[in-house]
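Enquirer: Residue numbers (my numbering): 363 to 548. Glycine residues also receive a C-beta, built at the ideal position from the N, C-alpha and C atoms. Please read these numbers as outputs of a predicted model, since none were measured by experiment. The structure that follows is given in the form of structure tokens.
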Amino acid sequence: MATPEGHIGEPTVEDGASVWRIARDSHVLDVNSSYSYLLWCRDFAATSAVTRDESGMAVAFVTGYIRPEQPGTLVIWQIAVDGDRRGRGLAGAMLDHLTARLRSRSVLQCVETTISAENEASQRLFLSFAARHGASVEREPLFPARLFPDAHDSEHLYRIGPLAQPPPSAPGTQYSETRRTRSVPS
Numbered sequence: 363m364a365t366p367e368g369h370i371g372e373p374t375v376e377d378g379a380s381v382w383r384i385a386r387d388s389h390v391l392d393v394n395s396s397y398s399y400l401l402w403c404r405d406f407a408a409t410s411a412v413t414r415d416e417s418g419m420a421v422a423f424v425t426g427y428i429r430p431e432q433p434g435t436l437v438i439w440q441i442a443v444d445g446d447r448r449g450r451g452l453a454g455a456m457l458d459h460l461t462a463r464l465r466s467r468s469v470l471q472c473v474e475t476t477i478s479a480e481n482e483a484s485q486r487l488f489l490s491f492a493a494r495h496g497a498s499v500e501r502e503p504l505f506p507a508r509l510f511p512d513a514h515d516s517e518h519l520y521r522i523g524p525l526a527q528p529p530p531s532a533p534g535t536q537y538s539e540t541r542r543t544r545s546v547p548s
């Protein structure tokens, strides 16, 4: 899907280093190893998204997975946008794109994520997403700070659903099932 900020699509392993950099530069997310982002871009590409600029470089990402115990539930693991592209609705556009893509492939009933009480930007993002999709939001404590082995704020579970029909695409955009791939020599 084309946006003013770039093209939203599935990640590939070539996006892994950029996704790691965006997470690191967010100064908010827990940064995982670079290896884990490579695996995520390979093994969870179908439930994740990146936005690429005109040069093909990832400038934003959302990682997610389907809960094994609740196959209609997409868990959003991380979402971040390069600093110079924040505040333009790109995170919301990626969430809309990802959920529309998954709904076109199977039954997606709700979205879950965890957010700390201090992360007001993420709270606004997911409450806005719920409103756009006509969904209710349930909030409950999930991981108290004492469970983390390092200094970490408590995380609250946000359960958004059931999702109504996706909102119409913005004028001039269309949804496409494109995935950038590269051949790797053996």
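Cα separation between residue 381 and residue 421?
Expert: Roughly 8 angstroms between the two C-alpha positions.
Enquirer: Just to check my reading of the structure: residue 400 and residue 378 have Cβ atoms closer than 8 angstroms, yes? What is that Cβ distance to the nearest angstrom?
Expert: Sure, about 4 angstroms apart at Cβ, within 8 angstroms.
Enquirer: What does the Cβ neighbour count give for residue 509, buried or exposed, with the cut at 16 atoms within 10 Å?
Expert: So residue 509 ends up on the exposed side.
Enquirer: Could you give the uninterrupted runs of the alpha helix (DSSP H) lying entirely in the region 442-483, keeping only those of 4 residues or more?
Expert: Complete alpha helix (DSSP H) runs here, min 4: 452-467.
Enquirer: Please tell me whether residue 480 and residue 437 are closer than 8 angstroms, where the distance is taken between their beta carbons.
Expert: Not a contact, by the Cβ cut-off of 8 angstroms.
Enquirer: Considering only C-alpha positions, which residue in the set 397, 390, 458, 470 is nearest to residue 365?
Expert: The shortest C-alpha separation from residue 365 is found at 458.
Enquirer: With the cut-off set at 8 angstroms, would you say residue 441 and residue 419 are in Cβ contact?
Expert: No.
Enquirer: With DSSP collapsed to three states, give me the class of residue 388.
Expert: If DSSP states are grouped into helix, strand and coil, residue 388 belongs with the helices.
Enquirer: Quick one: Cα of residue 492 to Cα of residue 389, how far?
Expert: Using only the alpha carbons, I get a separation of about 25 angstroms.
Enquirer: Rounding to the nearest angstrom, what Cα-Cα distance links residue 414 and residue 501 in this structure?
Expert: Roughly 32 angstroms between the two C-alpha positions.
Enquirer: Using CA coordinates, which residue listed in 404, 524, 369, 385 is at the minimum distance from residue 469?
Expert: Checking every option, the nearest Cα to that of residue 469 belongs to 524.
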